[in-house]
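See structure below.
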Amino acid sequence: SVAKRAVAEAAQHDKVPRPVGFVPPPPPCPGKIRHFDI
Amino acid sequence: VPAVPPAPLGCDDPESEAAAEVAVNFINGHSHHGYKFALNRIEDIRVVPQGPNNDIIFLELDLLETKCPILSPTPLANCTVRSFAEHAVEGDCDLKLQRVDGTLSVLASKCHSHADSSEDISKVCPDCPLLVSLNNTDVLETVSAALNAYNSKTTDAYLRLLEIGRAKIQYHPGHVVVTEFAVGATNCSAEEAKANVEACQLLPEDQSNFGFCTAALVKRPSQDLQVDCQLYGHQVPAPDIPLLPRPGVTYAHPGLDTS
Chain P
1 SVAKRAVAEA
11 AQHDKVPRPV
21 GFVPPPPPCP
31 GKIRHFDI
Chain S
39 VPAVPPAPLG
49 CDDPESEAAA
59 EVAVNFINGH
69 SHHGYKFALN
79 RIEDIRVVPQ
89 GPNNDIIFLE
99 LDLLETKCPI
109 LSPTPLANCT
119 VRSFAEHAVE
129 GDCDLKLQRV
139 DGTLSVLASK
149 CHSHADSSED
159 ISKVCPDCPL
169 LVSLNNTDVL
179 ETVSAALNAY
189 NSKTTDAYLR
199 LLEIGRAKIQ
209 YHPGHVVVTE
219 FAVGATNCSA
229 EEAKANVEAC
239 QLLPEDQSNF
249 GFCTAALVKR
259 PSQDLQVDCQ
269 LYGHQVPAPD
279 IPLLPRPGVT
289 YAHPGLDTS
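Chains as they are written, first to last, in the working numbering: chain P, 1 to 38; chain S, 39 to 297.
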């Protein structure tokens, strides 16, 4: 039988487990500051 | 299955750095006033494919003023960026480039430069002298006195003022005016100029010899004037860079808009 699961519950289960210590990549922009920020 | 669009370029990707380098060289190569600017940060980059090996690139750059006057032959890599405490000047530039078969060219640029706010400097360095308006009477008096003093002592060509680049005034301890200005050699010797200064004109393009002077006028506790000028020698202008306009005295106000 097909049971409709609550979205939240489904989302919870479908969320890809993040490896321990996962660091999201830095946003592509703005880039690094080469001298100083004013 | 439609091709997956390429991931957006990151601002620190090598391709972005290459585009920024072409952009900064274009800006410095086509500027006629003030100082050279160095890249401080790539704010944003957007690539719009036009077809095979043909992209339009929109670039947003943060630049910082260096200590090299725009006419100086010093390579940008050797130009020191003015520190925050020296009252930095920032440039914001938006550029449109094209990349065809990997070759980058600038199609359009628009820049605005502005000095950092005096409040920010004073917060960090209460005693640091601040930039003043370049038509401040103290500044004009200092530049005039300094150039006259230099021309009265030199055995070389008589120098004319091209533009005042920067000036700061310290009010305590003592009243000190420090200024930097660009000069050009004329067709007169300093001796000839004493007889008829009106006849002394800047050298023609094919012999032009520009230079740069720094001067400090101490008004209190006792009057003292120091001036130092360095001439660059004749430089052959790069073919694609428009020759300098023949300016009168101009002021490279930080707050310049250039397109």
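C-beta atoms are modelled at their ideal positions from N, C-alpha and C, and glycine is treated no differently. Keep in mind it's a predicted model, so treat the numbers as computed, not measured.
For Leu114 (chain S), there are no neighbours in chain P by C-beta distance under 7 Å, as the nearest C-beta there is about 13 Å away. In chain order, Ala253 and Val265 place their CB closer than 6 Å to the CB of Ala184 (chain S), counting only its own chain and leaving out the 5 sequence neighbours on each side. Scanning the stretch 195 to 274 of chain S from its first residue to its last, the whole alpha helix (DSSP H) runs of 4-plus residues come out as 228 to 233. Checking the DSSP bridge columns, you'll see Leu133 (chain S) partnered with S:Leu97 and S:Ser147. Tyr188 (chain S) sits away from Cys238 (chain S), with the two beta carbons spaced by 8 Å or more. Judged by beta-carbon spacing, Lys134 (chain S) lies beyond the 8 Å limit of Ile83 (chain S), meaning their Cβ atoms are not closer than that value. At the C-beta level, Val221 (chain S) and Lys206 (chain S) stay beyond 8 Å of one another. Listed in chain order, the non-local C-beta contacts of Leu169 (chain S) below 6 Å within the same chain comprise His125, Ala153 and Lys206, local neighbours out to five positions each way being set aside. Residue state for Pro87 (chain S) is assigned as strand, using DSSP reduced to three classes. Close to Pro30 (chain P), with beta-carbon spacing below 7 Å, are these residues of chain S in chain order: Cys49, Arg79, Ile80, Glu81 and Asp82.
Assigned with DSSP and collapsed to three states, Ile65 (chain S) falls in helix. A residue is called buried once 16 or more other Cβ atoms fall within 10 Å of its Cβ, and Ile33 (chain P), having fewer, is exposed. The C-beta of Glu124 (chain S) comes no closer than 8 Å to any C-beta of chain P. By the C-beta criterion, the stretch 94 to 110 of chain S is judged to be in contact with the stretch 127 to 144 of chain S, since at least 3 inter-stretch pairs fall below 8 Å. Of all residues in the stretch 130 to 156 of chain S, only Asp154 place a beta-carbon less than 7 Å from a beta-carbon of chain P. Put simply, the stretch 73 to 88 of chain S touches the stretch 53 to 64 of chain S. At least three CB pairs are less than 8 Å apart.
Cα atoms of Thr141 (chain S) and Tyr270 (chain S): separation of roughly 32 Å, rounded to the nearest angstrom. The continuous alpha helix (DSSP H) containing Thr180 (chain S) extends over residues Thr175 to Lys191. Relative to Val177 (chain S), the option among S:Val256, S:Lys105, S:Pro107 and S:Asp194 whose CA is nearest is S:Val256.
With a threshold of 16 other beta carbon atoms within 10 Å, Thr193 (chain S) falls short and is exposed.
Under the Cβ distance rule, Phe36 (chain P) counts among the residues neighbouring chain S, one pair being separated by less than 8 Å. A residue is called buried once 16 or more other Cβ atoms fall within 10 Å of its Cβ, and Asn91 (chain S), having fewer, is exposed.
Collapsing the DSSP output to three states places Val119 (chain S) in a strand. At a cut-off of 8 Å between beta-carbon atoms, Asp93 (chain S) makes no contact with chain P. The Cβ atoms of Ala195 (chain S) and Ala233 (chain S) lie no closer than 8 Å to each other. Only Ser155 and Asp158 from the stretch 155 to 188 of chain S bring a Cβ to less than 9 Å from some Cβ of chain P.
As DSSP reads the structure, Leu168 (chain S) sits in a beta bridge with S:Ile207. Between the C-alpha atoms of His68 (chain S) and Leu240 (chain S) there is a straight-line separation of about 21 Å. By a beta-carbon distance limit of 8 Å, Cys29 (chain P) contacts Gly48 (chain S). Their separation comes to about 7 Å. For Ala76 (chain S), the secondary structure class from DSSP, reduced to helix, strand or coil, is strand. DSSP lists S:Val138 as the beta-bridge partner residues of Thr141 (chain S). For Gly21 (chain P) against Asp50 (chain S), the beta-carbon gap comes to about 23 Å, at or over 8 Å, which does not count as contact.
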